[in-house]
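J.:
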């Protein structure tokens, strides 16, 4: 079976659940405690897509805020991105939209999926669903995920792998 | 860079080395095999790394770094397989060998992490307070109301965040919020929607209420 290695990056504001999504996907674990990510952490997981083994090298990058900017050099060599938004914080969607624009300009157009994370707290969501609908109409693929419960986490990684092949 | 006398330079280097934990790997680029290694490898969880073997196969972070074929590369505070932190430099020499240099940063990263953690927690608190200040109450969520708008193709899209209870009542709202077909899952709704054109004609396009209704799924 042919093996293909792909680098993907999880991007988004701080505390949206990027590390939790990786931990849920790679190790099937979740921790309630919020621990900020420093710099870069690389994990890997293999999956089978049709007749190909895809080895995902998953780069979990420190979240973006007004003081810490994601270094574009860390994104070089990527095959795709998972943008992560915390549904309970509308500001985090603005961060993703800004990041996406910057990446399209500096790195180019690559496959991506938008994850609206914390779907287990959907009753507390603050994001503007009309904006989400607009993005869907523009062709953005969007999943409502819960790193806590594991909802649609595997599906998101698998779908991104499909898009990268 | 400013010129330094050799004596000063040597002293500076000795001082830096005394304060720094470092290790290096020399990799034959054509084969990916480890040619030489040195420094305090155990700090970086690389004490068992083997010469003449493929470097990528010996640690996940090395696999991640070397698989993307980007050289030179500098990463500040990469978390290693042993959960220590290092600054990582990947460079290429004139013989086309690649070198990985690791400089220990665990102590500094702990302090930086603590500061960043407090900053983030403060920002989260500020964001929550800002939402409270606007006195914005999400009535849809509070009352458990799902608002849908009909698309031209008879499907529906969700206009407001879905109240939590709908995740179990109508799981499709969690996965497809732009093209739902609730009339296919709820027969009463199908009947109600089909009767709407006639009802509107009779009632001068006024709001039509269905009244309360109950659906029982097949498993129950």
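Residue numbers (the numbering used here), protein chains in the order written: chain A, 10 to 174; chain B, 53 to 272.
For every residue, glycine included, the Cβ atom is placed at its ideal position computed from N, Cα and C.
The alpha helix (DSSP H) that contains residue 230/B, what's its start and end?
T.: Taken as a continuous stretch (DSSP letters only), residue 230/B belongs to no alpha helix (DSSP H), as it is neither H nor E.
J.: Residue 49/A CB to nearest chain B CB: under 8 Å?
T.: yes
J.: In chain B, which residues lie less than 7 Å from residue 115/A when you measure between Cβ atoms?
T.: Correct list: empty, because the minimum Cβ distance to chain B is about 14 Å.
J.: If we call anything under 8 Å between Cβ atoms a contact, is residue 167/A one with residue 44/A?
T.: no
J.: Which residues, taken in chain order from the region 102 to 128 of chain B, show a beta carbon closer than 8 Å to some beta carbon of chain A?
T.: 112, 113, 115, 116, 117, 119, 120, 121, 122, 125, 126, 127, 128
J.: Less than 8 Å between CB atoms is the rule here; does residue 85/A satisfy it with respect to chain B?
T.: yes
J.: With 16 other CB atoms within 10 Å as the buried threshold, where does residue 135/B fall?
T.: exposed
J.: At which residue ranges does the region 24 to 84 of chain A contain complete beta strand (DSSP E) runs of 3 or more residues, listed in the order of the chain?
T.: 49 to 58, 61 to 70
J.: Which same chain residues, not among the five before or five after residue 151/A, have their C-beta less than 8 Å away from its C-beta?
T.: 122, 123, 124, 125, 141, 144, 145
J.: Could you pull out every unbroken alpha helix (DSSP H) segment of at least 4 residues lying fully inside the region 140 to 174 of chain A, listed in chain order?
T.: Within the region 140 to 174 of chain A, the complete alpha helix (DSSP H) runs of at least 4 residues are 162 to 173.
J.: Could you tell me whether any Cβ in chain A is nearer than 8 Å to the Cβ of residue 202/B?
T.: no
J.: Please compile the residues from chain A whose C-beta is within a distance smaller than 7 Å of the C-beta of residue 176/B.
T.: In chain order: 24.
J.: Quick one: Cα of residue 187/B to Cα of residue 249/B, how far?
T.: Low local confidence applies: a pLDDT of 48 at residue 187/B is under 50, so the model's placement there is unreliable, with the coordinate-based value given in what follows. In a straight line, the C-alpha of residue 187/B is about 39 Å away from that of residue 249/B.
J.: Can you list the residues of chain A that residue 54/B reaches, using a CB-CB cut of under 7 Å?
T.: In chain order: nothing, as chain A lies at least about 27 Å away.
J.: If you compare alpha carbons, which of 255/B, 244/B, 196/B, 149/B is closest to residue 83/B?
T.: 149/B
J.: By the 7 Å beta-carbon criterion, what residues does the region 148 to 159 of chain A contribute toward chain B?
T.: 153
J.: Curious, which full-length alpha helix (DSSP H) runs of at least 4 residues does the region 71 to 154 of chain B contain?
T.: 112 to 119
J.: For residue 216/A, report the span of its beta strand (DSSP E) as first-last.
T.: One cannot answer for residue 216/A here, as it falls past the ends of chain A, which runs 10 to 174.
J.: Residues in its own chain within less than 6 Å of residue 52/A by CB, not counting five upstream and five downstream?
T.: 31, 35, 67
J.: Below 7 Å on C-beta distance, what does residue 161/B contact in chain A?
T.: 47, listed in chain order.
J.: Residue 187/B by DSSP, collapsed to three states: which one?
T.: With a pLDDT of 48 at residue 187/B, under the threshold of 50, the modelled position of that residue is not reliable, and the figure given next carries that caveat. Residue 187/B: coil per DSSP, three-state reduction.
J.: When the Cα atoms are used, what is the spatial distance from residue 72/B to residue 155/B?
T.: 7 Å
J.: So which of 266/B, 267/B, 241/B has the shortest CA-CA distance to residue 260/B?
T.: 241/B
J.: With H, G and I counted as helix, E and B as strand and the rest as coil, what does DSSP make of residue 131/A?
T.: Three-state DSSP puts residue 131/A in a helix.
J.: Shortest alpha-carbon distance to residue 143/B belongs to which of 77/B, 247/B, 95/B?
T.: The shortest Cα separation from residue 143/B among 77/B, 247/B, 95/B belongs to 77/B.
J.: Let me check understanding here. Comparing Cα to Cα, which of 173/B, 70/B, 225/B lies closest to residue 42/A?
T.: Between residue 42/A and the set 173/B, 70/B, 225/B, the nearest pair of CA atoms involves 173/B.
J.: Please report how far the alpha carbon of residue 139/A lies from the alpha carbon of residue 231/B, in whole angstroms.
T.: 13 Å
J.: What does a CB cutoff of less than 6 Å around residue 81/A pick up in its chain, not counting 5 residues either side in sequence?
T.: 115
J.: Determine, for residue 139/A, whether the minimum Cβ-Cβ distance to residues of chain B falls below 8 Å.
T.: yes
J.: What does residue 165/B reach in chain A if we use C-beta pairs closer than 7 Å?
T.: 45, 47
J.: My understanding is that residue 121/B touches residue 86/A, with C-beta atoms under 8 Å, so please give their C-beta distance in whole angstroms.
T.: 7 Å
J.: From residue 104/B to residue 87/B, what does the alpha carbon distance come to, in whole angstroms?
T.: 6 Å
J.: Just to check, is the beta-carbon of residue 65/B closer than 7 Å to a non-hydrogen atom of the ligand SAM?
T.: Of ligands this structure carries none, so the ligand SAM is not represented either.
J.: Since residue 119/B and residue 16/A are thought to touch, with beta carbons under 8 Å apart, how far apart are those beta carbons, to the nearest angstrom?
T.: About 7 Å separates the two Cβ atoms, so the contact holds.
J.: Is residue 176/A near residue 71/A, with beta carbons less than 8 Å apart?
T.: Here chain A has residues from 10 to 174 only, and residue 176/A is not among them.
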